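Peer 1: Dropping the structure in here first, questions after.
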Amino acid sequence: MDSREEVLTTACPRDCYDTCGITVIRRDGVVTAVRGNPQHPVSRGALCGKCSTAYNREWRDPARRLTQPLRRVGRKGEGGFERVSWETAIGEIAARLTCIVDAHGAQSRLNAHYTGTISCLAGMAPMRFFNRLGATEVMPDTICNMAGHVALRYVYGTSVDGFDPRSAKDAACIVVWGANPHASAPHAYEHWLREAPGKVVVVDPVRTPTAAQADIHLQHFPGSDAALAFALLHVIRREGLVDTAFIASHVHGWEEFESSLAGCTPEWGAAATGVPAALIEEAAVLYARGPSLLWLGQGLQRQATGGNVMRACGLLPAVTGNLCKPGAGFLYLNGNLRQRCMDEDYLAGPHLAPAGGAPSISHMDFAAALEDPGRSQALFVWNMNPLASCPQQARLRRALRREDLLTIALDLFATDSTLMADYVLPAASFLEFDDLIASYFQLTLSAQVKAMEPLGSALPNLEIFRRLARAMGYSDPELDESDASILANLMDRSGLGLSFASLAERGSIWIPDEPQVQFADGVFATPSGRIEIACARAAADGHPRLPQPWSDIRPAAGHLRLLSPAHAWLLNTSFGNVRQIKHRIGEATIALHPADAAERRLAEGDPALVHNSCGRLRLKVVISDEVPRGVALTHKGRWLRTDPAGANVNVLNPGQKSDMGESTAVHSVEVSVAPTV
Ligand SMILES: Nc1nc2c(c(=O)[nH]1)N[C@H]1C(S)=C(S)[C@@H](COP(=O)(O)OP(=O)(O)OC[C@H]3O[C@@H](n4cnc5c(=O)[nH]c(N)nc54)[C@H](O)[C@@H]3O)O[C@H]1N2
Ligand SMILES: Nc1nc2c(c(=O)[nH]1)N[C@H]1C(S)=C(S)[C@@H](COP(=O)(O)OP(=O)(O)OC[C@H]3O[C@@H](n4cnc5c(=O)[nH]c(N)nc54)[C@H](O)[C@@H]3O)O[C@H]1N2
Ligand code: SF4
Ligand SMILES: [Mo]
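In the working numbering, the protein residues as written are 11 to 687.
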């Protein structure tokens, strides 16, 4: 390295399990390359293909980024904008927001945001502003994982304190149920799962690359997970592998529940799920003998009865005692910031909200709320591209065209959603400001370090909200606190004994240093203090008291169940605009089982019309025995404006709610598939 080169250490804040370490190379102060950090314990020097492509191209290219505030000209949604100064944009937005609150109330301002960045300042601290605004929050997790959160809280009292992945060294078996880390967590897949000493069991309707590498793949019909869990538990009980001592000291409701396993034989399970009885037996014994880790993926609960599924699958560790000891436990998300010593309340300022908290709605009701001027007068969109990600796409697009709806969108790029806005505000990328990132899988905390100036006049999210708060006349000091002060306070409150600068020197740290045993103290944050198989709270909320052995009714003749999980080369819709990636992934496809394709007279490469009562989409046929009969596979994350169809898979998603948390049931979508005429 010559003397004009310097190397900075930072990390990737995408909504991805890995939170890779990054090395930024600067020459004469100018960033010349963004690479993987060889010192990082999870990613070990590599970035995924999508980030190493995007971060070295579009993300640093002023010609491709948003660099100036824009104000709409012409009709809504037609894409006409003019450049305005920050003063003009902020001043006009503040004035209009104030008029709206006077005429329609604070709750008529909607706040739609999610995890475009998962960092503390750019991802969470803007909630201070929205709490103060008293805006209606479009509940972020309802587009992703709310059903699972609600279900696991019933059983364990928490959904965000999972096993420590480092404990895999002590596990004889790892079950990956409804996650595909090959795509969604590429480094955890490569270095964690593939190097783990234990046997790997994957439960997925699709023979994903993760499933293909497993020791056992349970390939069931989507929506039959709870039945599969009951069949596994039946075998465990029959084989005497129930941990009665663990149950006696930690579990509530086993006696009440036990009898419901009687009829759930492996043969019953095979009929309900499509998994051969012998494989159910083998996996049950392997898991129960343990010690075993159970990874409950986010794909798993995106179905009509996703809450019941998560409760049922969540019983496995409790009944077998695969908990509270090394190499055992379950993981949904390690999403508890406190676990990483970050003070979440200090960051998000819930005390700034109106008494009783700010109101909220589900993403499943987003289009309906936007259609109705009585419910919505203004909309903020930040860290999110809802037109591409949310259900009821055609309806949402129509609602966003409302001329009387004031829409303000913050993003790095001109997305499908920013095109529908009145004001588009250019956000700085993670390379352009300091921040902190807590991974939601590995127990790491990383510094995000400023490596370059924001492109054009882009600003970090939080600075944009500081300016808006000032223009609206808010005097709360929390709304004016600088980034440097927040970072210093977060580090102070963490008790880690580190400043931001000293964390930045190290890049990422483990918290705690040594692998942790999940629920080591045997304490569960449920009303009984025990793991609640039988759950009075669930019953009070209108759910069955006990998990049920349900499986979905198979699609009617001629219909297919359409799955649309993560694409290995996209990160939700982020990177859908990156030219090299678009070229690499080609046209949008639908994978069909050979028999389903033949029945429809479809051949490889044919265009197919995919339709249901919600919408229609043309997709290119791929014939594959990786999907079972009756199931079709496509992927999320394509942009609408650059696709010939002008739509993506969410045009087919009617927005059905799962049984818990008013959450998405996107993997329950059913479609008809036919040759195009
Ligand atoms: N490359 C990439 N990485 C990503 C993302 C991305 O878009 N691209 N998205 C990020 C985000 S926001 C999230 S939430 C995570 C999600 O990542 P994951 O937790 O891995 O979840 P999904 O990708 O939605 O789905 C995982 C698997 O669930 C399977 N599945 C579908 N229906 C069922 C069912 O009924 N039962 C079972 N058992 N399995 C089913 C699908 O076939 C799929 O293989 O990934 C994150 N990482
Ligand atoms: N069919 C189908 N649909 C799905 C899913 C599915 O499985 N199937 N999965 C769902 C899931 S799990 C999720 S989480 C959602 C995700 O959907 P979204 O939350 O819409 O995620 P992205 O599409 O990645 O949008 C994030 C946006 O944030 C922007 N961004 C990145 N960094 C910053 C920043 O610092 N500031 C600002 N202002 N913007 C930034 C990016 O450019 C991008 O446009 O999609 C859901 N939609
Ligand atoms: S998206 Fe995930 S795999 Fe890719 S660089 Fe970021 S953290 Fe790593
Ligand atoms: Mo997600």
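Just so you know, even glycine gets a beta-carbon here, dropped at the ideal spot from N, CA and C. Fair warning: this is a prediction, and the values are worked out from it, not measured in the lab.
#1: Do Thr168 and Ala544 have their C-beta atoms closer together than 7 Å?
#2: Between Glu542, Ala99 and Lys646, which has its C-alpha nearest Gly586's C-alpha?
#3: What did DSSP end up calling Glu88 once you bin it into helix, strand or coil?
#4: If I'm right that His159 touches Ile541 with Cβ under 8 Å, what's the distance once you round it to whole angstroms?
#5: Ordered along the chain, which non-local residues of its own chain (more than five positions away) have a Cβ less than 6 Å from that of Gly188?
#6: Taking three-plus beta-carbon pairs below 8 Å as touching, is the stretch 326 to 334 in contact with the stretch 217 to 224?
#7: Could you pull the DSSP bridge partners for Val213 from this structure?
#8: For Pro436, write down the residues that DSSP places opposite it in a beta bridge.
#9: From the DSSP output, in three-state form, read off Lys179 for me.
#10: Report the residue from Cys624, Ile633 and Glu147 whose alpha carbon sits nearest the alpha carbon of Gly615.
#11: Alpha carbons only, please: which of Ala479, Phe376, Val41 and Ala514 is nearest the one belonging to Ala104?
#12: On the DSSP bridge list, what partners appear for Trp392?
#13: Does the pairing of the stretch 114 to 125 with the stretch 329 to 346 give three or more beta-carbon distances under 8 Å?
#14: Assuming the contact rule is C-beta atoms closer than 8 Å, Gly133 and Ala178 should be a hit. Round their C-beta distance to whole Å, please.
#15: Just grab the DSSP bridge partners of Pro617 for me.
#16: If you pair each beta-carbon of the stretch 410 to 427 with each one of the stretch 386 to 397, do three or more pairs fall below 8 Å?
#17: Give the straight-line distance between the Cα atoms of Arg85 and Ile153, rounded to the nearest whole angstrom.
#18: Taking a contact to mean a Cβ-Cβ separation below 7 Å, would you say Gly517 touches Gly31 in this structure?
#19: Provide the residue span of the alpha helix (DSSP H) that contains Ala294, from first to last.
#20: Can you name the start and end residues of the alpha helix (DSSP H) that Thr4 belongs to?
#21: From Pro638 to Arg571, what does the alpha carbon distance come to, in whole angstroms?
#22: From Asp562 to Pro232, what does the alpha carbon distance come to, in whole angstroms?
#23: Which residue from Asp28, Trp305, Ala377 and Val620 puts its Cα closest to that of His197?
#24: What residue from Ala576, Arg37, Ala145 and Ser504 has the CA that sits closest to Leu643's CA?
#25: Since Thr19 sits in a beta bridge, which residues does DSSP pair it with?
#26: Between Gly671 and Ala157, is the Cβ-Cβ spacing less than 7 Å?
#27: Asn622: beta carbon under 6 Å from a heavy atom of ligand 1?
#28: Give a yes or no on whether the C-beta atoms belonging to Val185 and Val211 are separated by under 7 Å.
#29: Quick check on DSSP: helix, strand or coil for Trp69?
#30: In the structure shown, what three-state DSSP assignment does Phe139 receive?
#31: Since Leu573 and Val683 are thought to touch, with beta carbons under 8 Å apart, how far apart are those beta carbons, to the nearest angstrom?
#32: With DSSP as the reference, identify every bridge partner of Ser456, one or two as the case may be.
#33: At which residues does the beta strand (DSSP E) containing Arg45 begin and terminate?
#34: Which one or two residues does DSSP pair with Ala684 in a beta bridge?
#35: Can you find at least 3 beta carbon pairs, one from the stretch 366 to 374 and one from the stretch 82 to 101, that sit closer than 8 Å?
Peer 2: In short:
#1: In the sequence shown, residue 168 corresponds to position 158, counting from 1. In the sequence shown, residue 544 corresponds to position 534, counting from 1. No, they are not a contact pair.
#2: Here residue 586 refers to the residue found at position 576 when the sequence shown is read from its first residue. Residue Lys646 is the option with its Cα nearest to Gly586.
#3: Here residue 88 corresponds to residue number 78 of the sequence shown, with the count starting at 1. In this structure, Glu88 counts as coil in the three-state DSSP scheme.
#4: Here the question's residue 159 lines up with position 149 in the sequence shown. Here the question's residue 541 lines up with position 531 in the sequence shown. Contact doesn't hold; Cβ gap of about 16 Å is too wide.
#5: The sequence position of residue 188 within the sequence shown is 178, counting from 1. Same-chain partners within the cutoff: Gly307, Gly309 and Leu310.
#6: Cβ pair count under 8 Å is below three, so no.
#7: Reading the sequence shown from its first residue, position 203 is the one you call residue 213. Paired residues: Trp187 and Leu228.
#8: Stepping through the sequence shown from its first residue, residue 436 is reached at position 426. BP columns for Pro436 point to Asp421.
#9: Taking the sequence shown and counting its residues from 1, one reaches residue 179 at position 169. Three-state DSSP puts Lys179 in a helix.
#10: Working through the sequence shown from its first residue, we reach residue 615 at position 605. Restricting attention to Cys624, Ile633 and Glu147, the CA atom closest to the CA of Gly615 is found in Ile633.
#11: Taking the first residue of the sequence shown as 1, we reach residue 104 at position 94. Minimum Cα-Cα distance from Ala104 among the listed residues Ala479, Phe376, Val41 and Ala514 corresponds to Ala479.
#12: Here residue 392 is taken as the residue at index 382 of the sequence shown, counted from 1. DSSP, once it has assigned bridges, lists His123 and Leu420 as partnering Trp392.
#13: no
#14: The count along the sequence shown starts at 1 and reaches residue 133 at position 123. The count along the sequence shown starts at 1 and reaches residue 178 at position 168. With a Cβ gap of about 28 Å, Gly133 and Ala178 do not count as contacting.
#15: The residue you call residue 617 lines up with position 607 of the sequence shown. In the DSSP output, where bridge partners are listed per residue, Pro617 has Lys630.
#16: The stretch 410 to 427 makes contact with the stretch 386 to 397; the number of CB pairs closer than 8 Å reaches 3 or more.
#17: Walking along the sequence shown from the start, residue 85 turns up at place 75. Walking along the sequence shown from the start, residue 153 turns up at place 143. Between Arg85 and Ile153, the C-alpha separation is close to 29 Å.
#18: Numbered from its first residue, the sequence shown carries residue 517 at position 507. Numbered from its first residue, the sequence shown carries residue 31 at position 21. Yes, the Cβ-Cβ distance between Gly517 and Gly31 is below 7 Å.
#19: As a first step, residue 294 must be located in the sequence shown, where it is residue number 284. First-last of the alpha helix (DSSP H) with Ala294: Ala287 to Arg299.
#20: The chain is shown only over 11 to 687; residue 4 falls outside these bounds and no answer can be derived.
#21: Residue numbering aside, residue 638 sits at position 628 when the sequence shown is read from its first letter. Residue numbering aside, residue 571 sits at position 561 when the sequence shown is read from its first letter. One alpha carbon belongs to Pro638, the other to Arg571, and they sit about 10 Å apart.
#22: Working through the sequence shown from its first residue, we reach residue 562 at position 552. Working through the sequence shown from its first residue, we reach residue 232 at position 222. Distance from the CA atom of Asp562 to the CA atom of Pro232, rounded to whole angstroms, is 8 Å.
#23: Within the sequence shown, residue 197 is the residue found at index 187, counting from 1. Out of Asp28, Trp305, Ala377 and Val620, Asp28 has the C-alpha closest to the C-alpha of His197.
#24: Here the question's residue 643 lines up with position 633 in the sequence shown. Checking every option, the nearest Cα to that of Leu643 belongs to Ala576.
#25: On the sequence shown, position 9 is the one that residue 19 refers to. DSSP output for Thr19 lists Thr33 as bridge partner(s).
#26: As a first step, residue 671 must be located in the sequence shown, where it is residue number 661. As a first step, residue 157 must be located in the sequence shown, where it is residue number 147. Yes, Cβ-Cβ distance for Gly671 and Ala157 is below 7 Å.
#27: In the sequence shown, counting from the first residue as 1, residue 622 sits at position 612. Not under cutoff, so the answer is no.
#28: Taking the first residue of the sequence shown as 1, we reach residue 185 at position 175. Taking the first residue of the sequence shown as 1, we reach residue 211 at position 201. Cβ atoms of Val185 and Val211: closer than 7 Å.
#29: One-based indexing of the sequence shown puts residue 69 at position 59. Secondary structure of Trp69 (DSSP, three-state): helix.
#30: Within the sequence shown, the letter at position 129 stands for residue 139. Three-state result, Phe139: helix.
#31: As a working mapping, residue 573 is identified with position 563 in the sequence shown. As a working mapping, residue 683 is identified with position 673 in the sequence shown. Incorrect: roughly 13 Å between the Cβ atoms, too far for contact.
#32: Residue 456 sits at position 446 when you count from the first residue of the sequence shown. Answer is Ile447 and Ser518.
#33: By one-based count along the sequence shown, residue 45 stands at place 35. Bounds of the beta strand (DSSP E) holding Arg45 are Val40 to Gly46.
#34: Walking along the sequence shown from the start, residue 684 turns up at place 674. Bridge partners of Ala684: Leu619.
#35: no
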